[in-house]
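These notes concern the structure reproduced below.
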Amino acid sequence: MPRFLFRMSVLVMTLPLSLSAFDTATAEEVEHPIYRSWAKHPIGTTITLRSVTISGGHTIVTTNRTRLVKLTASAAELETTMTSDGTGKVVESPPQTYSQRRMFPLFAGMTKDDIGKPPKTSKNGEETLKLVGKEIKTRWFDSTGQTEVGKSSTRTWMSDDVPGKLVKAVTQVPAAKNSTTVELIEFMIPDKNATQNLQRLSPRYRGLFVRRKTGSSHSPLVFGRRAKTNDQGMPPIEVPWISLAWKARGERELPVFGPLHGLALLTREQGRRAVKINEHLQLNMKS
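Just so we're aligned: the sequence shown equals residues -21 to -1, 1 to 266 in mature numbering (1 follows the signal peptide of the UniProt record, and there is no 0).
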């Protein structure tokens, strides 16, 4: 598997943060639009980006889930988890946290509009995209770059209404005849009453997770619990008292219960508890 394919599949996801490493000693500071995009949303807000790289007979699928865990007047603390099959099998990286500072240096030759968007842009425009069941107003940017095998061209769609701003990106490398497409596939905002609702559930419901038996998006879904003594989790344990209504393809593993995982609804109907996770997924729990 060519190494540059895996690196390309990750590169586009990090475009909005590509200006974070410069020296800040003498520059004027302005508010970073990435911080501002997260600050609009409550703690626990989660987005997931999926990257698909296709080249010849190779396909690499990478997902990057980012969750807002803390927000202060100076920084947004974010937790990211990446899953990729770039090594030939699905591998999930341990969660990592990083801070997006609120203030960012405005260097000589830069304008406020340059911060948080791809570098070396040549064209831009506006377009409304329909993703995650929403119509999202975006601004797109065309940019160029260089890979190990030749020049690349990228169109990136960004929105102030989406945490992290990145909505979609398509990269082409003509010399290698490959493409990488990144899309927003999940945008969850936690319900204000989610934590209170969770406290009313029996302890046996807490910590439940849904995962696929393999890394394939077409494999069956099963249920299980993470073992308290094993941070890496244990093989799924089937839970017969839960049925699943699945309306769209989802992630390899989706946390279900937890005060920050975006429960949208908790009601009791016809002797059953129904938990709507998002517009795509609902759990029906037998009494």
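Heads up, the beta-carbon is just placed ideally off N, CA and C, and yes, glycines get one too.
Please read these numbers as outputs of a predicted model, since none were measured by experiment.
- Secondary structure note for Ala54: its beta strand (DSSP E) is the uninterrupted segment Ala54 to Ser63.
- Looking at the DSSP output, Ile115 shares a beta bridge with Leu108.
- Under DSSP, His37 shares a beta bridge with Ser34.
- Note that the C-beta distance between Arg81 and Glu10 is below 8 Å.
- Distance from the CA of Ala55 to the CA of Val48, rounded to the nearest whole angstrom, comes to 8 Å.
- For Ser16, there is no enclosing beta strand (DSSP E); the enclosing alpha helix (DSSP H) covers residues Pro12 to Ala18.
- Distance from Trp17 to Gln75 at the Cβ level is roughly 16 Å; contact not present, criterion being Cβ atoms closer than 8 Å.
- By the neighbour-count criterion, in which 16 or more other beta carbons inside 10 Å mark a residue as buried, Ala148 falls on the buried side.
- In the structure shown, the three-state DSSP call for Pro84 is strand.
- Only residues of its own chain outside the window of five on either side were considered, and among them Thr123, Gly124, Val152, Pro153 and Ala154 have a CB closer than 8 Å to the CB of Lys130, listed in chain order.
- The beta carbons of Ile168 and His20 sit closer together than 8 Å.
- By the beta-carbon neighbour count (other beta carbons within 10 angstroms, threshold 16), Val111 is buried.
- According to DSSP, Val149 shares a beta bridge with Arg134 and Thr160.
- Proximity of the region 88 to 99 to the region 59 to 74 falls short of the contact definition, fewer than three beta-carbon pairs being nearer than 8 Å.
- Gly124 has Ser131 as its beta-bridge partners, per DSSP.
- Residues Ala55, Gln79 and Arg81 of the same chain have their beta carbon placed closer than 6 Å to that of Tyr14, with the five preceding and five following residues left out of the count.
- By the Cβ neighbour-count rule, Ser34 is buried, with 16 or more other Cβ atoms within 10 Å of its own.
- Judged by beta-carbon spacing, Leu50 lies beyond the 8 Å limit of Ile26, meaning their Cβ atoms are not closer than that value.
- In this structure, the straight-line span from the alpha carbon of Thr100 to that of Thr45 is close to 26 Å.
- For Lys68, the three-state secondary structure derived from DSSP is coil.
- Assignment of Lys91 by DSSP, reduced to helix, strand and coil, places it in the helix class.
- Within a 10 Å sphere around the beta-carbon of Ser72 sit fewer than 16 other beta-carbons, which makes this residue exposed.
- From the listed residues Thr32, Val40, Leu57 and Trp136, the smallest Cα separation to Ile115 is found for Trp136.
- Within its own chain, the residues whose Cβ lies closer than 6 Å to the Cβ of Lys91, once the five positions on either side in sequence are excluded, are Val9, listed in chain order.
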